[in-house]
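Chains as they are written, first to last, in the working numbering: chain V, 1 to 246; chain U, 247 to 492.
Report on the structure given below.
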């Protein structure tokens, strides 16, 4: 297996060492080799290293330390702005003010992001995706001065890792792989698939700290609650609309 | 640069050779190593090789030959079905019936898909993304019997390439990379960025065939028209809603 894929870990602690321009350029170039719809390349990568801007991004990303400590922050955006500008300059009427176009551009951005992450890891860097990019896309947009047609869909921090972290376990393969058609899960399947994770020492610790009965409740009641999901859904949809996609 | 990233090409012609179970498993396993939000792994990969099912998928993917000729077809889905089933079985109330949860799951699926593609390429296979996965997500769902909570976001074909294809050119790096903040494009920037592509022999040929004046019009008037985009936006949003995410 490609080493960078096999050894991928989310890195949350970084050494202060800068990333050289040469290394950073090659990592970004790897992003541009990913497939994009119709080779339109309707995405952008905003690379932020300035401490003042990173401090603002840190606020938008729920004050996660790594946004300040990692030397590089990259925001991956669904981006029809450049393409639309080109169309208008070439006597062509762009029809990309709709959800499908947003989603198409989001796919471009996300495939590029994964190339960037793997190439970074293959060069000894560490990365961590920030789920908060969609939560506070509007604030991030203000900080990075994104024009209409541009919406953040993912963000990462990048730098040289401080210390070692173990590989994260994954569910058994049949939790995510379906042969030929979708095969739904029996109650026994669910028990088996989640068994190892539910019986881990880490889960016991989490349940004790949170005073909850099941690992699933940690997700539904603490980490990803219905209230938060609904609040941020509305906020993200409003922003996608504001940027001209709905 | 990682060889598979550097040499990536979309492959549209395949040899009939099957992919061994061992190779396929290792490629799918690479998918599972990608980051997912909160390690929830809210995605699925439906791997279809059966010719009868592939014939149906071929219809849904606008009858693109490669869907029939490539030995393997993989549909990557945003998938909260397994997670919701687990929650309900563990006395936890899932709150994932909203747009943010759909988009979170779509990110999981897309990052996994890129890992799968790169690992496949590193093992001598070729792949091609099918943009039609979002256009006809509803038809694909019928064929693959996807339950509520599951929405196709990408699909690929995979197999051993027939013949050679050249690398596809990309726009200059500053078309997609922004330093610190977003830098909008002047009219001169646009001219420079698109110059090589607009002046290519391939473009001259396309304009002649289509009787159009500019390359941009090929996109707006032929390949990705406003009417089509609006039609498929509505259809995709309706399907996302039907699957319980809006």
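Here a beta-carbon is modelled for each residue, glycine too, at the ideal position from N, C-alpha and C.
For residue i, go through chain V and note every residue whose CB falls closer than 9 Å to its CB, in chain order.
i: residue 407 of chain U; result: Residues of chain V passing the Cβ test: none, with the nearest at roughly 15 Å.
i: residue 276 of chain U; result: 1, 2, 5 and 6
i: residue 419 of chain U; result: 25, 28, 29 and 32
i: residue 393 of chain U; result: 182 and 184
Under the three-state reduction of DSSP, which class applies to residue i: helix, strand or coil?
i: residue 181 of chain V; result: coil
i: residue 104 of chain V; result: helix
i: residue 466 of chain U; result: helix
i: residue 439 of chain U; result: helix
i: residue 2 of chain V; result: coil
Tell me which same chain residues have a C-beta within less than 6 Å of the C-beta of residue i, skipping the five on either side of it?
i: residue 452 of chain U; result: 464
i: residue 263 of chain U; result: 406
i: residue 58 of chain V; result: 67 and 68
i: residue 44 of chain V; result: 77 and 79
i: residue 379 of chain U; result: 398, 400 and 401
i: residue 61 of chain V; result: 67, 130 and 132
Near residue i, what residues of its chain come up, given a Cβ to Cβ distance below 7 Å and the 5 sequence neighbours on each side ignored?
i: residue 70 of chain V; result: 14, 157, 158 and 159
i: residue 252 of chain V; result: Because residue 252 of chain V is not part of the residues shown, which for chain V are 1 to 246, the question remains open.
i: residue 269 of chain U; result: 369
i: residue 164 of chain V; result: none
i: residue 482 of chain U; result: 380 and 383
i: residue 350 of chain U; result: 283 and 288
i: residue 250 of chain U; result: 364, 367 and 368
Nearest to residue i by CA position, among the options, is which residue?
i: residue 339 of chain U; options: V/242, V/216 and V/20; result: V/216
i: residue 9 of chain V; options: V/125, V/80 and V/31; result: V/125
i: residue 137 of chain V; options: V/179, V/122, V/238 and V/173; result: V/238
i: residue 106 of chain V; options: U/343, U/377, U/367 and U/307; result: U/377
i: residue 327 of chain U; options: V/142, V/175, V/115 and V/120; result: V/175
i: residue 280 of chain U; options: V/7, V/133 and V/164; result: V/7
i: residue 471 of chain U; options: V/87, V/32, V/74 and V/41; result: V/87
i: residue 478 of chain U; options: V/26, V/54, V/99 and V/37; result: V/99
i: residue 374 of chain U; options: U/258, U/480, U/492 and U/250; result: U/258
i: residue 393 of chain U; options: U/487, U/427 and U/475; result: U/487
i: residue 362 of chain U; options: U/278, U/286, U/284 and U/450; result: U/278
i: residue 295 of chain U; options: U/284, U/476, U/320 and U/285; result: U/320
i: residue 140 of chain V; options: U/419, U/428, U/418 and U/364; result: U/428
i: residue 286 of chain U; options: U/342, U/298 and U/301; result: U/342
i: residue 26 of chain V; options: V/119, V/209, V/54 and V/220; result: V/119
i: residue 168 of chain V; options: V/211, V/52, V/200 and V/28; result: V/200
i: residue 432 of chain U; options: V/65, V/89 and V/64; result: V/89
i: residue 247 of chain V; options: U/274, U/247 and U/248; result: One cannot answer for residue 247 of chain V here, as it falls past the ends of chain V, which runs 1 to 246.
i: residue 476 of chain U; options: V/229, V/102 and V/188; result: V/102
i: residue 143 of chain V; options: V/51, V/184 and V/1; result: V/51
Please list the partners that residue i has in chain V, where partner means a Cβ-to-Cβ separation under 8 Å.
i: residue 479 of chain U; result: 98, 99, 100 and 101
i: residue 309 of chain U; result: Neighbours of residue 309 of chain U on chain V: none; closest Cβ ~18 Å, over 8 Å.
Going along chain U, which residues have a C-beta under 9 Å from residue i?
i: residue 236 of chain V; result: 345, 346 and 349
i: residue 38 of chain V; result: 377, 465, 469 and 470
i: residue 92 of chain V; result: 458, 459, 460, 461, 462, 463, 464, 465, 466 and 467
Going along chain U in order, which residues have a C-beta closer than 7 Å to the C-beta of residue i?
i: residue 86 of chain V; result: 436, 440 and 462
i: residue 66 of chain V; result: Ordered by position in chain U, no residue passes the 7 Å Cβ test against residue 66 of chain V, which lies about 14 Å from the chain.
i: residue 176 of chain V; result: 278, 287, 289, 290 and 291
i: residue 82 of chain V; result: 421 and 431
Once you ignore the five residues that flank residue i on each side, which residues in its own chain have a CB closer than 8 Å to its CB?
i: residue 112 of chain V; result: 31, 32, 34, 36, 43, 45 and 76
i: residue 171 of chain V; result: 193, 194 and 197
i: residue 300 of chain U; result: 294, 313, 314 and 319
i: residue 356 of chain U; result: 322, 399 and 400
List the residues of chain U that residue i touches, going by C-beta distances under 8 Å, in chain order.
i: residue 136 of chain V; result: Those within 8 Å of residue 136 of chain V in chain U number zero; the least Cβ separation is about 12 Å.
Cβ closer than 7 Å: which chain V residues qualify as neighbours of residue i?
i: residue 454 of chain U; result: By Cβ distance, chain V contributes nothing, its closest Cβ being about 17 Å from residue 454 of chain U, past 7 Å.
Subject >> Sequence ranges, beta strand (DSSP E) only - wholly within the region 375-437 of chain U, length at least 3 >> reply: Whole beta strand (DSSP E) segments, 3+ residues: 396-405 and 423-425.
Subject >> Residue ranges of each beta strand (DSSP E) within the region 256-328 of chain U, 3 or longer >> reply: At a cut-off of 3 residues, the continuous stretches assigned as beta strand (DSSP E) that sit fully inside the region 256-328 of chain U are 289-294 and 318-325.
Original post:
Name the residues in the region 43-57 of chain V whose C-beta lies less than 8 Å from a C-beta of chain C; which are they?
Top reply: Among the chains of the structure shown, chain C does not appear; the protein chains present are V and U.
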